[in-house]
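**Q** Each number in the working numbering corresponds to the 1-based position in the sequence shown with 597 added.
Input: one structure, supplied below.
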Amino acid sequence: MPAWARALRHLAYPILLGSVVAVSTLGIARDRELEAVGFLFVLGVLLYLVVLERLIPYDRSWHPSRREWRWYGAYFLLTALGGALAQALVLALVGVVSLPESALPLGVEIPLAALLGSLANYLVHRLGHTNRHLWRLHGVHHAPDKVNIGNNSVNNILDVVLAQGATQLSLALVGFSEASVFAVGLFVVAQGYFTHANADVRIGWLNHIVSSPEQHRLHHSTDLSEAGHYAADLSIWDRVFGSFTWRPGRRPASVGLVDPTSFPPTGAVLTNQFRPWRRPAR
Numbered sequence: 598m599p600a601w602a603r604a605l606r607h608l609a610y611p612i613l614l615g616s617v618v619a620v621s622t623l624g625i626a627r628d629r630e631l632e633a634v635g636f637l638f639v640l641g642v643l644l645y646l647v648v649l650e651r652l653i654p655y656d657r658s659w660h661p662s663r664r665e666w667r668w669y670g671a672y673f674l675l676t677a678l679g680g681a682l683a684q685a686l687v688l689a690l691v692g693v694v695s696l697p698e699s700a701l702p703l704g705v706e707i708p709l710a711a712l713l714g715s716l717a718n719y720l721v722h723r724l725g726h727t728n729r730h731l732w733r734l735h736g737v738h739h740a741p742d743k744v745n746i747g748n749n750s751v752n753n754i755l756d757v758v759l760a761q762g763a764t765q766l767s768l769a770l771v772g773f774s775e776a777s778v779f780a781v782g783l784f785v786v787a788q789g790y791f792t793h794a795n796a797d798v799r800i801g802w803l804n805h806i807v808s809s810p811e812q813h814r815l816h817h818s819t820d821l822s823e824a825g826h827y828a829a830d831l832s833i834w835d836r837v838f839g840s841f842t843w844r845p846g847r848r849p850a851s852v853g854l855v856d857p858t859s860f861p862p863t864g865a866v867l868t869n870q871f872r873p874w875r876r877p878a879r
């Protein structure tokens, strides 16, 4: 591996994290339209990670085909459109309940908000795996037999709404400011795509604090004994609740569903949106 690629493996995450801090700081300081800033940030993160997947791929066979990119694009649009109304209601409640000004210095409030939001997300995600009704929603995400930023958007719309709602409402109801909710939201979005990146990145000891692709590939493993790592942003909750299985160099033998026939194929985009409403077979 060239020297530049070895360096990029270790610099990729600090660059991403630095962008989260920079965009959060500028957005809050200049009081810009935070929703527009967030949308542009998502596009920037996607572009950055697409480039990383090509420069330092983890597994070249996990690159999406053109057909898969069409599927992922459809999931991305359906998730965005289907969750728009629910997200607008959540943001409206955030604006009503949360404080316009920080009750604490932002340097204190944002880390606290990140901890609480991450805990809410962890609990909802873990329930998505342990509750049979919620698994009918969340299992759609685990159908692909590869992990990349494209299939981060392979979801049932309602599963996305539940996860986002749990995180943002928990912050709003506690009374965190809109600035904190915005900053934590950028971090969560960046982490969500980053952990799915098919890029050979290394974050070393930070794996014990934040989530990474190194851990999340194990979450998608077909070997359930290693498929912990329910935290999408702060891996400390996996430590607290005993679902941390990563160790340096550990790789999943295969990823996807233990029973691939239990869900429709990923290409059945609309079927995967409506399937949870059908009566389960007995």
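Glycine included, every Cβ here is placed at the ideal spot set by N, Cα and C.
Remember, predicted model here, so these are calculated numbers, not experimental data.
Below 9 Å between beta carbons: does that hold for Tyr655 and Asn749?
**A** No. Outside cutoff.
**Q** Is DSSP giving Glu811 helix, strand or coil here?
**A** Helix at Glu811.
**Q** Apart from the five residues just before and just after Ala763, which ones in its own chain have a Cβ nearer than 7 Å to its Cβ?
**A** Correct list, in chain order: Ala717, Asn718 and Val721.
**Q** Residues in the same chain with beta-carbon distance under 7 Å from Asn753, minus the five sequence neighbours each way, listed in chain order, please.
**A** Within the same chain, Asn753 has close Cβ partners Leu734, Val737, Asn869, Gln870 and Pro873.
**Q** Between which residues of its own chain and Arg879 is the CB-CB distance below 7 Å, once the five residues before and five after are set aside?
**A** In this prediction, Arg879 has a pLDDT of 49, which is less than 50 and means its spatial position is unreliable; what the coordinates show is noted afterwards. Excluding residues within five positions, none has a Cβ falling inside 7 Å.
**Q** For the structure I just gave you, are there three or more beta carbon pairs, one from the stretch 701-709 and one from the stretch 767-781, closer than 8 Å?
**A** Judged by Cβ distances under 8 Å, the stretch 701-709 makes contact with the stretch 767-781, as three or more pairs qualify.
**Q** Tell me the DSSP secondary structure of Ser774 in three-state form.
**A** Residue state, collapsed to three classes: coil.
**Q** Taking only the alpha-carbon atoms, compute the straight-line gap between Pro857 and Ile833 and give it to the nearest angstrom.
**A** Spanning the two alpha carbons is a distance of roughly 31 Å.
**Q** Under a Cβ-count criterion, where at least 16 other Cβ atoms within 10 Å of its own Cβ denotes burial, should Phe636 be classed as buried or exposed?
**A** Label assigned to Phe636: exposed.
**Q** Assign Glu632 to buried or exposed, taking buried as 16 or more other Cβ atoms, counted over all protein chains shown, within 10 Å of its Cβ.
**A** Flag for Glu632 reads exposed.
**Q** To the nearest angstrom, report how far apart Gly624 and Trp668 are at their CA atoms.
**A** Each residue's Cα considered, the two are about 33 Å apart.
**Q** Which residue wins for smallest C-alpha separation from Thr842, given the options Leu815, Leu652, Asp797 and Arg651?
**A** Per the Cα distances, Leu815.
**Q** Hey, how far is the Cα of Val807 from the Cα of Gly839?
**A** Between Val807 and Gly839, the C-alpha separation is close to 15 Å.
**Q** Could you tell me which of Leu644, Asn745, Gly782 and Gln761 sits nearest to Val618, measuring between CA atoms?
**A** Considering only alpha carbons, the answer is Gly782.
**Q** Hey, how far is the Cα of Pro611 from the Cα of Ala604?
**A** Pro611 and Ala604: Cα-Cα distance of roughly 12 Å.
**Q** Report the rounded CA-to-CA distance for Val751 versus Val639, giving the unit in angstroms.
**A** In a straight line, the C-alpha of Val751 is about 16 Å away from that of Val639.
**Q** Does the distance from the C-beta atom of Ile653 to that of Ala600 stay below 9 Å?
**A** No; because the gap between Cβ atoms is not below 9 Å, this pair is not in contact.
**Q** If you draw a straight line from the alpha carbon of Val620 to that of Val786, how long is it in whole angstroms?
**A** Spanning the two alpha carbons is a distance of roughly 13 Å.
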